[in-house]
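S.K.: This is the structure I want to talk about, given as structure tokens.
Numbering (the working numbering), first residue to last: 539 to 651.
This is the structure we're talking about:
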């Protein structure tokens, strides 16, 4: 998790060309970033960020399920990193992701679509 304004800005700017603004009823409510590496047939979920008032409404789940559906068309793997203490980890596991690597404070999770 970002600990300073500078860290937060770096996180937002990382892979920014792949960013999509998440909207609800025409109002921007968050950010979604995922990249695809064709040579590896691999999707990587870079970031989901929703405004606090829109968290817990299954919007994040829908975004991830949409990515999984896209990955199913090419039988791709989907990967993501999560801080071990991030509550979103439970969502990822519930959606079928499995822990494939643990390093420091982070986990790498993957799902074969």
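Here a beta-carbon is modelled for each residue, glycine too, at the ideal position from N, C-alpha and C.
Keep in mind that this is a model prediction, so the values were computed, not measured.
Judging by CA-CA distance, which residue of 609, 568, 573 is the nearest neighbour of residue 597?
M.R.: 568
S.K.: Can the beta-carbon of residue 582 be found closer than 8 Å to that of residue 572?
M.R.: yes
S.K.: With distance defined between alpha-carbon atoms, name the residue in 563, 591, 613, 618 nearest to residue 602.
M.R.: 618
S.K.: Could you give the DSSP three-state label for residue 596: helix, strand or coil?
M.R.: Residue state, collapsed to three classes: coil.
S.K.: Where residue 643 and residue 625 are concerned, what is the direct C-alpha to C-alpha distance, given to the nearest angstrom?
M.R.: 13 Å
S.K.: With DSSP as the reference, label residue 639 as helix, strand or coil.
M.R.: DSSP, reduced to helix, strand and coil, places residue 639 within a strand of the structure shown.
S.K.: Roughly how many angstroms lie between the CA atoms of residue 645 and residue 623, to the nearest whole one?
M.R.: Computed Cα separation, rounded: 10 Å.
S.K.: Kindly indicate which residue of 630, 616, 592, 638 has the alpha-carbon position closest to the one of residue 578.
M.R.: 616
S.K.: Going by DSSP, which residues form a beta bridge with residue 565?
M.R.: 562
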